[in-house]
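Per UniProt numbering, the sequence shown starts with residue 1, numbered consecutively.
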Amino acid sequence: MIFKLVGDGRPYPEHGLTNRDWAQIPPRQVRLDSLITTKAMLDLHSLLAADSTFYGDLFPHVVQWQGELYLEDGLHRALRAALHQRSILHARVLELPT
């Protein structure tokens, strides 16, 4: 099992963070098997592209809400980590109040 659950959508309230806001959150280690995805579909071209993180944040974005960790952005990075047999990912984690 790679992820805790494969979801489709964001069940948590809108947080309104911009990329600049996300960049202020220091990355921390997150176990892949504790993440719930917010996307059920994957583009293999993005997964296999050598420059897939060139224009975005190097760290995935995770939202912690009601005791769960939701992978909001960075599904391709998380899957690449799993393909390299890593169980931990460095991600920026936003903790939303319940």
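All C-beta atoms in this analysis are idealised placements derived from N, C-alpha and C, irrespective of residue type, glycine included. Being a predicted model, the structure only gives us computed values, none of them experimental.
Beta-carbon proximity check, residue i vs residue j, cutoff 8 Å
i	j	result
residue 78	residue 35	yes
residue 30	residue 93	yes
residue 18	residue 75	no
residue 89	residue 44	no
residue 72	residue 10	yes
residue 91	residue 60	yes
For residue i, three-class secondary structure by DSSP
i	result
residue 79	helix
residue 84	coil
residue 45	helix
residue 21	helix
residue 8	coil
Nearest candidate by alpha-carbon position, reference residue i, set the options
i	options	result
residue 3	23, 21, 39, 24	39
residue 26	98, 14, 58	58
Residue i to residue j span [Cα, whole Å]
i	j	result
residue 69	residue 8	14 Å
residue 81	residue 64	20 Å
residue 96	residue 83	30 Å
residue 87	residue 1	10 Å
residue 67	residue 14	17 Å
residue 98	residue 62	15 Å
residue 85	residue 21	31 Å
Cross-strand partners of residue i (DSSP beta bridge)
i	result
residue 91	28
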